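Peer 1: I have a structure I would like to understand better, so I am pasting it below and will then ask my questions one at a time.
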Amino acid sequence: MIDIIDGNKCAAWGARRAKVQCVPCFPITPTTEIIETIAEWNAKGEFKGEFVVLESEHSAASACLGSSMTGARTFTATSSQGLLLMHEILPIISGCRTPMVMTTVSRCISAPIGLWPDHNDTLAMRDAGWIMFICETNQEVLDSVIMGYKVSENPKILLPVIVNMDGFVHSYTRTEVDIPEQKLVDKFLPHPELEIRLDVKKPMTLGIPAMGLDYMRYRQQLHTAMLDSFTVIDKVHKEWAKLTGRKYDFLDEYKVKDADAVIVMIGANATIARAAVDTMREKGKKVGLLRIRLFRPFPEAQLRKALEKVNKIAVVDQNICPGMGGILYPEIKMALYGTKKIISDYVQGLGGNFVSEEDYIEILNDIMKTKADDRKWQM
Amino acid sequence: MDFNIKEEMKKPHLITGGTFACSGCNPILGIRLMLIALGKNVIMVNSSGCMTLTATWPFTPYRIPWVHGAIENGGAVSAGILMGLKALKKDKDTHVVVYAGDGATYDIGLQSLSGMIHRNEKIIYICYNNCQFANTGHQCSSATEQYARTTTTPPPKGNLLPRKNMAKMMAMGGAEYCATACVSYPFDFIKKLRKAAKVEGSVFIDLLAPCEPGWLVKPNETLKAGKMMVESGMWPLYEIEKKKFTISHTPQMTPVRDALKMQGRFKHLTEEQIVEIQKIVVKEWEMITKARFWEAEEY
Chain V
662 MIDIIDGNKC AAWGARRAKV QCVPCFPITP TTEIIETIAE WNAKGEFKGE FVVLESEHSA
722 ASACLGSSMT GARTFTATSS QGLLLMHEIL PIISGCRTPM VMTTVSRCIS APIGLWPDHN
782 DTLAMRDAGW IMFICETNQE VLDSVIMGYK VSENPKILLP VIVNMDGFVH SYTRTEVDIP
842 EQKLVDKFLP HPELEIRLDV KKPMTLGIPA MGLDYMRYRQ QLHTAMLDSF TVIDKVHKEW
902 AKLTGRKYDF LDEYKVKDAD AVIVMIGANA TIARAAVDTM REKGKKVGLL RIRLFRPFPE
962 AQLRKALEKV NKIAVVDQNI CPGMGGILYP EIKMALYGTK KIISDYVQGL GGNFVSEEDY
1022 IEILNDIMKT KADDRKWQM
Chain D
9 MDFNIKEEMK KPHLITGGTF ACSGCNPILG IRLMLIALGK NVIMVNSSGC MTLTATWPFT
69 PYRIPWVHGA IENGGAVSAG ILMGLKALKK DKDTHVVVYA GDGATYDIGL QSLSGMIHRN
129 EKIIYICYNN CQFANTGHQC SSATEQYART TTTPPPKGNL LPRKNMAKMM AMGGAEYCAT
189 ACVSYPFDFI KKLRKAAKVE GSVFIDLLAP CEPGWLVKPN ETLKAGKMMV ESGMWPLYEI
249 EKKKFTISHT PQMTPVRDAL KMQGRFKHLT EEQIVEIQKI VVKEWEMITK ARFWEAEEY
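Protein chains in written order, with this note's numbering: chain V, 662 to 1040; chain D, 9 to 307.
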C-alpha cells in the first residue's frame, strides 16, 4: 500500500504491522504523533494491544521492562529530555535481555530548550546496550521497526533495539512510503515465545544482583550478544530485501568506491549531503557519502573496508560532546587507526540549525584542501 | 472461609531459607506472610532495597516469578507486567505484587506509585516500612519518625520532620483498598491480603517491619518492637475501603516511653520530646476513634 505519510506515522505503522501487544508511553514533541496515532487506532479498535500513557518517560520505560518481560511484544517512542529521563532504565532493559523496539525521534537537549533535531539525545544512549539504527528516510524508519523485532527477538540476541529518526525532518515531513501488507509482515515476523520470562507456571528470578566476576560475566555476555547481532542483522536485511526489494546494510555507501574525499555522517541530513555529492560529481570531483545506519554494534570492520581507498574523510557531527568535540569523530578515527588518512571533524546543525547543499559542498572542498586532521564548527 | 492458615502453613514455603537477610529481619517475614496469603500465582516486583539482596546470583529463595527493576519504579514495572499479562490473557488468575521499602515508596518511588494508584491498576503494592533507607546503612526517609536517629539525622537533633501519611494519601489518591499492617500481627496482615486479592483495583498496604540494625534492637526483639509500636498507638492498624475507614486493632495504649526506650534509635530523646510524642498519640487516637480520621495529622 503506497501512501504519503510522515516519519511518526511510519513508526506507528511499523508497530502496527509488527502486531505489537503493549505500548506503554508518554508524550513529547516531536514524538507525540506516534502515540496519538496508536491511541486513535486503539479507540477505533484497529489496534488490539494494551495502550497505556504513564506518568513519565521513566515510568514508560519501566513499564516496557515489565511488559516485555512477560513475553508480550512491546513498543514505545520518545525524544530528547524524555530519552534522557529514560536513560536509567535502558541498560536495565538490555541487561535483563528483554527484547523490544523503541523509536527515538531526535531532538536537541536542554538547556537552552529547543525543539529541533540534533543527535545528542540518541547518541547519549550509545553505551546502554541497545542495538541502534539511525535512519535517513521515512521508509527506512517503517522497515527498521519491523526488522528491529526480528533481530531483537532472535533467541541468540535478545537485545532491545532503538530506531532513530530526526525530529521534524522525518517526524513531520510526508514522503511517499510503501506500507507492507500485513500478510507479508506476518510471514516475515512470527512471534517466538521467550524462554526467559515472568510466568507463574515457570517461576524465574529476574533482574537479580550479581557480584564481582559474576557481574563481569553478565556484562561480557551482553557485549558478545551485541557482536553476534551483526550476522543476525545481515540475515534479516537480506530476508527483508527478498520480500520487499528494499536493500539495507550496516553502512549506506554512495559513490564511495572511487572517491578521493568522503563525508561520513548519520541521520536525515544525509539526503542533503547526497545532493551535494551529485553536484560535485557533475563538476568532475570524485567525492562520496558514507552514512552509518547501524550505530550499535559499531560496524568497525565494514567501515574500514569501505574507506580503504579513500584518503580524505570529513566526519560530520550533528552533536557536540562539550570538551571533546563531535561524538562520531573519535569512533571513525578509532576504526581507521593506523591508516594515513586525513580525517577532519565538522560540527554542524545543532538544534536543527539549517544545513544546505552548499554547506556540504563547502565541507567537501575544505577536506580536499586539508593537509592535516582538523576540527571545525560550521555555523 | 475457605482459607485455613494452619493448612496453608503445611504447604512448601514459596520463599526458602538461606537468604542474606539479617537475623531478626521483619521485611523478609513479611514476604513469607504475603506468599502464605496469596499463594503461588504471584508475580513479585521488588524495588531496590534490602529485599533485593535476598536473591543474589546464582542463588534464589523464590519459588514464584520475581523481578527487580530499579528503586523508583515499582509502580511502573508492575503496571507494565499487568499490561503484558492482559495482552497475553493471563491476568485473570495472577496477582501482581510490588514489595518495596519505605524509601522506595514514600520518597523516590512516589511518582510511579501515584500513577499506578491513579490508573487504578489491579496491583497489590506493599510497602515494607522499616522507617528508613536501611539497605544503604540506615538513612532518614520520609517514613522516619520525628526525633529518630538515622545516619543522616544523628543525635542530639535526630529527625526534625514528621513522617508522611502514606496510607491516607494513597486512599485519597484513589486506591480501592488501603491498609496499615505490622509483621508482629500476622493474622491481621494475612486477612488484609486475602481481602486485597479480591479487589479489582489498586491496593496499598503499609507494613511496619522493624529492622534490627536500623532500629538498634536485639534480633530476638524485633517482633516485640513492632508490637509495642502498635500497642502504644504509634502505629495504628486500620483499613480504608473505598475511603471508608475502619480500625482493625484497638491498642492497649501502653506508654510510648516503653516503645521508644527499647529502640536504640530513640535513646537520645529528652523527657520533653517523649511527653510531646505521647500527647500527639493520645490526641490522634481520640480523633480517629471519634470518626475524625480524615482530620488527624499524623495517622
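For glycine and all other residues, C-beta sits at the position ideal for the given N, C-alpha and C. Every value quoted in this text rests on a predicted model; they were computed, and no experiment measured them.
Let me know if residue 704 of chain V comes out buried or exposed under the rule of 16 or more other beta-carbons within 10 Å of its beta-carbon.
Peer 2: Label assigned to residue 704 of chain V: exposed.
Peer 1: Where does residue 168 of chain D land, buried or exposed, given buried means 16+ other C-beta within 10 angstroms?
Peer 2: Per the 10 Å Cβ criterion, exposed.
Peer 1: If you follow the beta strand (DSSP E) that residue 109 of chain D is in, where does it begin and where does it stop?
Peer 2: Start and end: 103-109.
Peer 1: Among the residues of its own chain, which have a CB less than 7 Å from the CB of residue 179 of chain D, if the five just before and after it don't count?
Peer 2: Within the same chain, residue 179 of chain D has close Cβ partners 186, 248, 251.
Peer 1: How far does the beta strand (DSSP E) with residue 212 of chain D in it reach, from first residue to last?
Peer 2: That run of the beta strand (DSSP E) goes 211-216.
Peer 1: If you run the structure through DSSP and keep just helix, strand and coil, what is residue 787 of chain V?
Peer 2: The answer is coil: DSSP assigns residue 787 of chain V none of H, G, I, E or B.
Peer 1: Compute the distance between the beta-carbons of residue 95 of chain D and residue 682 of chain V, then report whether it is under 9 Å.
Peer 2: Yes, they are a contact pair.
Peer 1: In chain D, what lies closer than 8 Å to residue 725 of chain V by C-beta?
Peer 2: In chain order: 88.
Peer 1: Pull up the distance between the alpha-carbon of residue 54 of chain D and that of residue 1026 of chain V, whole angstroms please.
Peer 2: If you take the alpha carbons of residue 54 of chain D and residue 1026 of chain V, they lie about 58 Å apart.
Peer 1: What does a CB cutoff of less than 7 Å around residue 205 of chain D pick up in its chain, not counting 5 residues either side in sequence?
Peer 2: Hits under 7 Å: 46, 103.
Peer 1: Under the assumption that residue 769 of chain V contacts residue 989 of chain V (Cβ atoms under 8 Å), give the Cβ distance between them as a whole number of angstroms.
Peer 2: Rounded, the Cβ-Cβ distance is 16 Å, inconsistent with contact.
Peer 1: Rounding to the nearest angstrom, what Cα-Cα distance links residue 795 of chain V and residue 955 of chain V in this structure?
Peer 2: Taking the straight line joining both Cα atoms gives about 6 Å.
Peer 1: With 9 Å set as the bound, which would you pick, yes or no: does the beta-carbon of residue 1006 of chain V sit closer than that to a beta-carbon of chain D?
Peer 2: Not one chain D Cβ lies under 9 Å of residue 1006 of chain V.
Peer 1: Less than 8 Å between the CB atoms is what I'm expecting for residue 675 of chain V and residue 802 of chain V, so what's the real figure, rounded?
Peer 2: Their Cβ separation, rounded to whole angstroms, is 7 Å, which keeps residue 675 of chain V and residue 802 of chain V in contact under 8 Å.
Peer 1: Taking buried to mean at least 16 other C-beta atoms within 10 Å of its own C-beta, is residue 274 of chain D buried or exposed?
Peer 2: So residue 274 of chain D ends up on the buried side.
Peer 1: What would DSSP say about residue 252 of chain D, mapped onto helix, strand or coil?
Peer 2: Note: residue 252 of chain D maps to strand in three-state DSSP.
Peer 1: Give the straight-line distance between the Cα atoms of residue 174 of chain D and residue 871 of chain V, rounded to the nearest whole angstrom.
Peer 2: Straight-line Cα distance between these residues: approximately 33 Å.
Peer 1: Alpha carbon to alpha carbon, how far is residue 702 of chain V from residue 843 of chain V? Give it in angstroms, no decimals.
Peer 2: Rounded to whole angstroms, residue 843 of chain V to residue 702 of chain V spans 16 Å at the Cα level.
Peer 1: Measuring alpha carbon to alpha carbon, tell me which of V:832, V:722, V:662 ends up nearest residue 690 of chain V.
Peer 2: Ranking V:832, V:722, V:662 by Cα distance to residue 690 of chain V puts V:832 first.
Peer 1: Less than 9 Å between the beta carbons of residue 977 of chain V and residue 930 of chain V, yes or no?
Peer 2: Their beta carbons are under 9 Å apart, which means residue 977 of chain V touches residue 930 of chain V by this criterion.
Peer 1: Report yes or no: do three or more beta-carbon pairs, one from the segment 186-195 of chain D and one from the segment 108-115 of chain D, lie closer than 8 Å?
Peer 2: The segment 186-195 of chain D, when compared against the segment 108-115 of chain D, does not touch it at the 8 Å Cβ threshold.
Peer 1: In three-state terms, what does DSSP make of residue 986 of chain V?
Peer 2: In the structure shown, residue 986 of chain V sits in a strand (DSSP, three-state: E or B).
Peer 1: Can you name the start and end residues of the beta strand (DSSP E) that residue 973 of chain V belongs to?
Peer 2: 973-978 is the extent of the beta strand (DSSP E) around residue 973 of chain V.
Peer 1: By how many angstroms is the C-alpha of residue 799 of chain V removed from the C-alpha of residue 668 of chain V?
Peer 2: Whole-angstrom Cα-Cα distance: 5 Å.
Peer 1: By the DSSP assignment, the alpha helix (DSSP H) with residue 95 of chain D in it spans what residues?
Peer 2: Note, residue 95 of chain D: alpha helix (DSSP H), 82-95.
Peer 1: Report the start-end ranges of each alpha helix (DSSP H) in the segment 697-757 of chain V that is 4 residues or longer and not cut off at the edges.
Peer 2: List check, alpha helix (DSSP H) in window: 718-730, 741-747, 751-756.
Peer 1: Keeping to the same chain, check which residues put their C-beta closer than 7 Å to that of residue 897 of chain V; ignore five residues upstream and five downstream.
Peer 2: Within the same chain, residue 897 of chain V has close Cβ partners 808, 811, 812.
Peer 1: If we cut at 9 Å on Cβ distances, does residue 63 of chain D have a partner in chain B?
Peer 2: Judged by its chain identifiers, the structure shown contains no chain B, and its protein chains are V and D.
Peer 1: Please list, in chain order, all residues of the same chain as residue 695 of chain V whose beta carbon is under 7 Å from its beta carbon, the five residues on each side excluded.
Peer 2: Same-chain partners within the cutoff: 669, 672, 673, 738, 764.
Peer 1: Mind checking which residues open and close the beta strand (DSSP E) that includes residue 1036 of chain V?
Peer 2: That run of the beta strand (DSSP E) goes 1036-1038.
Peer 1: Would you please state the rounded distance, in angstroms, between the beta carbons of residue 107 of chain D and residue 70 of chain D? I believe it to be under 8 Å.
Peer 2: Not a contact, Cβ separation roughly 11 Å.
Peer 1: Please determine if the segment 837-857 of chain V and the segment 908-921 of chain V are in contact, where contact requires at least 3 C-beta pairs separated by less than 8 Å.
Peer 2: At 8 Å Cβ cutoff, the stretches do not touch.
Peer 1: Residue 895 of chain V lies in the alpha helix (DSSP H); which residues open and close that run?
Peer 2: Counting along the chain, the alpha helix (DSSP H) containing residue 895 of chain V begins and ends at 873-905.
Peer 1: What is the rounded straight-line gap between the Cα of residue 177 of chain D and the Cα of residue 823 of chain V?
Peer 2: Cα-Cα distance, rounded: 38 Å.
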